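Enquirer: First to last, the sequence lines map onto chains A and B. So for the first sequence, numbering that gives the first Met the number 0 puts the first residue at 0; every next one is plus one. So for the second sequence, numbering that gives the first Met the number 0 puts the first residue at 0; every next one is plus one. Backbone N, C-alpha and C define an ideal beta-carbon position, used for all residues, glycine too. Model, not experiment: these values are computed from the prediction.
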Amino acid sequence: MTDTASKPGQTEVWITGIGLATSLGEGLDANWAALAEKRINVDEKGFAPYVVHPLTPVSFDSQIPKKGDQRQMEAWQRIGTYAAGLALDSAGIKGNKDILSKIDMVVAAGGGERDLNVDTGVLTAEAKGANAPGFLNERLMSDLRPTLFLAQLSNLLAGNIAIVHGLGGTSRTFMGEEVAGADAARIALARIASGESDIALVGGSHNGERKDLLVLYEFGDFNLKDKFAPVWARKDHAGFALGSAGAFLVLESKAHAQARGAKPFARLSSVVADLARRKQPGDMAATLEQLWAKLPRREGKGAIISGATGAEPATSEERDFLKGHADFPVRSTGTMFGHTMETQFPLGIALAALSISRGALFPPNDSTGTEIEMQGAPTQIVVVGAGHWRGEGMALVEAVS
Amino acid sequence: MTAPRDKLGRPVVVVTGMGIMTSLGAGKADNWAKLVAGESGIRTITRFPVDGLKTTMAGTVDFVSVDPFSSTGLSERMAELVTEEALEQAGIGAKADFPGPLFLAVAPVEVEWPQRRELGRAVGALDFNYDDLLRISGGGKYSAYHHRFMFGSVAAHLAETFGTKGSPISLSTACASGATSIQLGVEAIRRGETDAALCVATDGTVNPEALVRFSLLSALSTQNDPPQAASRPFSKNRDGFVMAEGAGALVLESFEAATARGAKILGVIAGCGELTDSFHRTRSSPDGKPIIGCMNKTLADAGMTPDQIDHINAHGTATPENDKMEFNTTSAVFGELAQKIPVTSNKSMVGHTISAAGAVEAIFSLLTLEHQRIPPTINYETPDPTILFNVVGNKARDARVTAVMSNSFGFGGQNASLILTREPA
């Protein structure tokens, strides 16, 4: 097990910026209002029978002013570059060259947004008999846009953020579906807590409105079909509804934040992650229990923000784990935002920090009783991220004392 | 060797195991023998038809079999083999019980053409669209493809096979990925989170679409005949890099932990540095400042000055822009020493192993330290008169080497450098 907890003598790490562009809205107020109203933006028709949570329309120009930059990106990169800009704005460091020239970046990314017309063009031509040895080569050479590759490369989300927002510190891209988001936060926290770094931009983005992704997850029968239901109510109709979202955080040492007069949303106290073997029923729940035991929780009102996907058996295992911690009211980002894969964990941290800073947990939205009302202000929120296939992560977000 | 801590008070990080595979062959012994003999691993591609391609050669690893074949499957198998070699040398932990985390540099994973074509055939119609592909993808027939094409699949397999601890990290920093995997391991040990880390980098992506992608960006050499002469770092007639496959694995340990268990120390990762270039997606800032900053950060991290570096293992891709930029930036950092320090590019022989290159070249640098012999830069017949490096041209050179700088620069503004030494400073 690898873990990052603030140890004695280590630096306290604050969340001083949050950027959100999701299916519910752009910015913190719009997302908070939608959560308060239990409003879900779900599309059951556009990709029928598959259910997706489409991105709310945003004006990319406001964060990516050059059209040329926008053209160089596919949707997942535009969403992420946009949300990263919102996070820098939120932290009050947009355009601050002194800080941006040294800020460290850890991005959780997938990639590979494909040109569907090129793919089907090749396949249908082959079905009609095109079988010359160089057929595929020639079609790809003539049909692929030269810059499409750059819109597909995982590390080019970070590359685009650096170019558009002028970031010049370090840049690392982690891949590996859901837990990549937890590992990104874990490494960024460890580097700041140990003094290797003062400030970091952490997050990810995902375009859920992609048929090539639906094919990939359909291979494993993971897509939610036909009708939306809250994550906890999908047991007999399992699956995840892909969601579009960008979620970025600015993490900062307390001293660095105080020196520039920045106010924290919350403190990121710990991030832990592991890889359960998931060979036997209960393996994943046992790993979640071990991660839970590693979090330095304190007395006080707590809550859990879960990234459960709705896919089985992972969601049922996570529910078993949650039952053992019923004193922590649960909220599901999967229900409200869909499944945003690498972005789900940073999104969970963002909502935990937002809930703490606003003095309330957003309301439950669930018919099964897994989510219950919470009175009063949470002082600690545990973010749980269990992947649909592999990988488990957990974070503790606390009120700054 | 008596210094468990470096000049900055951090644990010294040493290498106790290495495994390597390139188009030259499997293992350290074979690779080193061929490398110092100046052999090329570049050959005409036979894995798939090359009709219609501008570039028809690459440094493929054809001696490892994977069934069913996929680029990700080959990456995984190579990673497994080099890890076995590294662990055997290190003699650390127990079978399937490595006492530390895994940091894996791996090419971005995606569904590949053989699988896409299988789907196309399964539709069973002459005309169809993407929805038809989607309609037949479920039902369990292709569930193995879901597992294969998860980004985290290679790391999960390695973590389960070798029993690494915690959440394995899969990373991509393009052509700097291998160096980044080492850097993450070094940092984890310096922070005291672990006494050991397994750093692996692998790339088996010579496939038609990958070749076309780099070709469309005009990044590849088209000097196909003879293939062995295509990769010409620092030469006037260089015209691009040569795609290649390979993998490297390093067992990193704190000096203290390694000596406590009596492990043989193969070298020291004395310094790591990284600096992002926000100028352009594929081109370096014309003033070279980010690369200069990256090298300076690495020297500072190692607590060393330029005059203490006695060899540079260059990124040396043989693209017109990279090699010139590398000389200019090295000159800015090293001054006149840039023309005196022996410089070589392993890519002249093994090609550009992309995601694996940083680790492959770090291992070659450590072997250079061990053997006190610098492998040549082959195909160095017509030196570029504007690149005044002291290139170890065509023939290996015996030299006193105590500290090597190894550079990696990649798309997306990724710059990373390492300094490797024989003994703790």
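Along chain A, which residues have their Cβ under 7 Å away from the Cβ of residue 126(B)?
Expert: Here the question's residue 126(B) lines up with position 127 in the second sequence. Within chain A, the residues near residue 126(B) are 123.
Enquirer: Tell me residue 172(A)'s beta-bridge partners as DSSP assigns them.
Expert: Against the first sequence, residue 172(A) aligns to sequence position 173. Looking at the DSSP assignment, residue 172(A) forms a beta bridge with 106(A) and 171(B).
Enquirer: According to DSSP, is residue 159(B) helix, strand or coil?
Expert: As a position in the second sequence, residue 159(B) is number 160, starting the count at 1. Note: residue 159(B) maps to helix in three-state DSSP.
Enquirer: When DSSP labels each residue in this structure, what does residue 35(B) get in the three-state scheme?
Expert: In the second sequence, counting from the first residue as 1, residue 35(B) sits at position 36. Helix, per DSSP.
Enquirer: Using the beta-carbon of each residue, which ones in chain B are nearer than 8 Å to residue 162(A)?
Expert: As a working note, residue 162(A) is residue 163 in the first sequence. Correct list: 277, 278, 279, 280 and 412.
Enquirer: Residue 241(A) and residue 86(A) look like a contact to me (Cβ under 8 Å); what is the Cβ gap, rounded to whole Å?
Expert: Stepping through the first sequence from its first residue, residue 241(A) is reached at position 242. Stepping through the first sequence from its first residue, residue 86(A) is reached at position 87. Not really, about 23 Å apart at Cβ, beyond 8 Å.
Enquirer: Quick check: the stretch 268 to 279 of chain A against the stretch 232 to 246 of chain A, are at least 3 beta-carbon pairs closer than 8 Å?
Expert: Output reads no: the stretch 268 to 279 of chain A does not touch the stretch 232 to 246 of chain A.
Enquirer: Does the CB of residue 161(B) have a neighbour CB from chain A at under 7 Å?
Expert: The residue given as residue 161(B) occupies position 162 in the second sequence. Cβ-Cβ to chain A under 7 Å: no for residue 161(B).
Enquirer: Along the chain, which unbroken stretches of the alpha helix (DSSP H) at least 4 residues long are found entirely within the stretch 145 to 207 of chain A?
Expert: You should have 147 to 151, 155 to 164 and 177 to 192.
Enquirer: If you pair each beta-carbon of the stretch 19 to 34 of chain B with each one of the stretch 334 to 350 of chain B, do three or more pairs fall below 8 Å?
Expert: A contact exists between the stretch 19 to 34 of chain B and the stretch 334 to 350 of chain B.
Enquirer: How about residue 262(A): is its C-beta nearer than 7 Å to some C-beta of chain B?
Expert: As a working mapping, residue 262(A) is identified with position 263 in the first sequence. For residue 262(A), the answer is no, since every Cβ of chain B falls outside 7 Å of its Cβ.
Enquirer: Mapping the DSSP letters down to three states, classify residue 54(B) as helix, strand or coil.
Expert: Numbered from 1 along the second sequence, position 55 holds the residue referred to as residue 54(B). Coil, per DSSP.
Enquirer: Got a sec: which bits of the stretch 208 to 223 of chain A sit with their beta carbon under 8 Å from any beta carbon on chain D, in order along the chain?
Expert: The question asks about chain D, but that chain is absent: this structure's protein chains are A and B.
Enquirer: Thinking just about the alpha-carbon of each residue, which of 242(B), 165(B), 217(B) and 209(B) is nearest to the one in residue 41(B)?
Expert: Counting from one through the second sequence, the residue named residue 41(B) turns up at place 42. For residue 41(B), the nearest C-alpha among the options comes from 242(B).
Enquirer: Give me, in chain order, the residues of the same chain whose beta-carbon lies closer than 6 Å to that of residue 248(B); leave out the 5 immediate sequence neighbours on both sides.
Expert: On the second sequence, residue 248(B) is found 249 positions in, with the first residue counted as 1. Here the set comprises 18, 81, 82, 85 and 199.
Enquirer: Residues of chain A with CB closer than 9 Å to the CB of residue 354(B), please, in chain order.
Expert: Taking the first residue of the second sequence as 1, we reach residue 354(B) at position 355. Going along chain A, no residue has its Cβ under 9 Å from residue 354(B), so there is no contact; the nearest lies around 10 Å.
Enquirer: Which two residues bound the contiguous alpha helix (DSSP H) that contains residue 351(A)?
Expert: The residue given as residue 351(A) occupies position 352 in the first sequence. Residue 351(A) -> alpha helix (DSSP H) spans 343 to 357.
Enquirer: How big is the Cα-Cα spacing for residue 305(A) and residue 293(A)?
Expert: Your numbering for residue 305(A) matches position 306 in the first sequence. Your numbering for residue 293(A) matches position 294 in the first sequence. Rounded to the nearest angstrom, the two C-alpha atoms are 17 Å apart.
Enquirer: When the Cβ atoms of the stretch 140 to 153 of chain A are set against those of the stretch 214 to 227 of chain A, are three or more pairs found closer than 8 Å?
Expert: As far as the Cβ criterion goes, the stretch 140 to 153 of chain A does not touch the stretch 214 to 227 of chain A, which means the pair count is below three.
Enquirer: Taking 7 Å as the threshold (beta carbon to beta carbon), is residue 0(B) in contact with chain A?
Expert: Within the second sequence, the letter at position 1 stands for residue 0(B). Residue placement at residue 0(B) is flagged as unreliable, the pLDDT there being 46, under the threshold of 50; a coordinate-derived value is accordingly withheld.
Enquirer: Using a Cβ cut-off of 7 Å, pull out every chain B residue sitting near residue 137(A), in sequence order please.
Expert: Taking the first sequence and counting its residues from 1, one reaches residue 137(A) at position 138. What residue 137(A) touches in chain B: 51.
Enquirer: Suppose the cutoff is 7 Å on Cβ atoms and the five residues either side in sequence are ignored; what does the same chain contact list for residue 276(B) look like?
Expert: Your numbering for residue 276(B) matches position 277 in the second sequence. Once the five neighbours on either side are set aside, the close Cβ partners of residue 276(B) are 283, 284, 289, 412 and 414.
Enquirer: Going straight from the alpha carbon of residue 334(B) to that of residue 3(B), what length do you get?
Expert: Here the question's residue 334(B) lines up with position 335 in the second sequence. Here the question's residue 3(B) lines up with position 4 in the second sequence. Spanning the two alpha carbons is a distance of roughly 32 Å.
Enquirer: Listed from N- to C-terminal order along the chain, which residues in the stretch 106 to 134 of chain B have their beta-carbon within a distance smaller than 8 Å of any beta-carbon of chain A?
Expert: Residues passing the 8 Å Cβ filter: 107, 108, 109, 110, 112, 115, 116, 118, 119, 120, 122, 124, 125, 126, 127, 128, 129, 130, 132 and 133.
Enquirer: Quick one: using the 10 Å Cβ neighbour count with 16 as the cut-off for buried, is residue 125(B) buried or exposed?
Expert: On the second sequence, residue 125(B) is found 126 positions in, with the first residue counted as 1. The residue in question, residue 125(B), is exposed, as its Cβ has fewer than 16 Cβ neighbours within 10 Å.
Enquirer: Counting only the same chain and skipping the five closest in sequence on each side, list residues whose C-beta sits under 6 Å from that of residue 345(B).
Expert: Position 346 of the second sequence, counted from the first residue, corresponds to residue 345(B). So the qualifying residues of the chain are 360 and 363.
Enquirer: So, are the CB atoms of residue 15(B) and residue 219(B) less than 7 Å apart?
Expert: Counted from its first residue, the second sequence places residue 15(B) at position 16. Counted from its first residue, the second sequence places residue 219(B) at position 220. Not closer than 7 Å, so no.
Enquirer: So residue 105(B) packs on residue 166(B), CB below 8 Å; how close in whole Å?
Expert: The count along the second sequence starts at 1 and reaches residue 105(B) at position 106. The count along the second sequence starts at 1 and reaches residue 166(B) at position 167. The pair is not a contact, with the Cβ atoms about 15 Å apart (cut-off 8 Å).
Enquirer: Residue range of the alpha helix (DSSP H) that residue 216(A) falls in?
Expert: Counting from 1 along the first sequence, the entry for residue 216(A) is found at position 217. Here the alpha helix (DSSP H) through residue 216(A) covers 210 to 218.
Enquirer: Where does residue 6(B) sit, in a helix, a strand or coil, going by DSSP?
Expert: The residue given as residue 6(B) occupies position 7 in the second sequence. Three-state result, residue 6(B): coil.
Enquirer: So residue 407(B) and residue 174(B) are supposed to be a Cβ contact under 8 Å. How far apart are they, rounded?
Expert: On the second sequence, residue 407(B) is found 408 positions in, with the first residue counted as 1. On the second sequence, residue 174(B) is found 175 positions in, with the first residue counted as 1. About 6 Å separates the two Cβ atoms, so the contact holds.
Enquirer: Between residue 401(A) and the rest of its own chain, which residues show a CB-CB distance below 7 Å, the 5 nearest in sequence each way excluded?
Expert: No statement about residue 401(A) is possible, as the shown extent of chain A runs from 0 to 400 and does not include it.
Enquirer: For residue 63(B) and residue 150(B), what's the separation of their Cα atoms in angstroms?
Expert: Counting from 1 along the second sequence, the entry for residue 63(B) is found at position 64. Counting from 1 along the second sequence, the entry for residue 150(B) is found at position 151. One C-alpha to the other measures close to 22 Å.
Enquirer: Within this structure, are the beta carbons of residue 153(A) and residue 108(A) separated by less than 7 Å?
Expert: Against the first sequence, residue 153(A) aligns to sequence position 154. Against the first sequence, residue 108(A) aligns to sequence position 109. Cβ distance < 7 Å, so residue 153(A) and residue 108(A) count as in contact.
Enquirer: Can you pull the chain A neighbours of residue 93(B), defined as C-beta to C-beta under 9 Å?
Expert: What you label residue 93(B) is simply residue 94 of the second sequence in a count that begins at 1. Going along chain A, no residue has its Cβ under 9 Å from residue 93(B), so there is no contact; the nearest lies around 17 Å.
Enquirer: Taking the alpha helix (DSSP H) that residue 359(B) belongs to, which residues open and close that run?
Expert: Numbered from 1 along the second sequence, position 360 holds the residue referred to as residue 359(B). 356 to 370 is the span of the alpha helix (DSSP H), which, as asked, contains residue 359(B).
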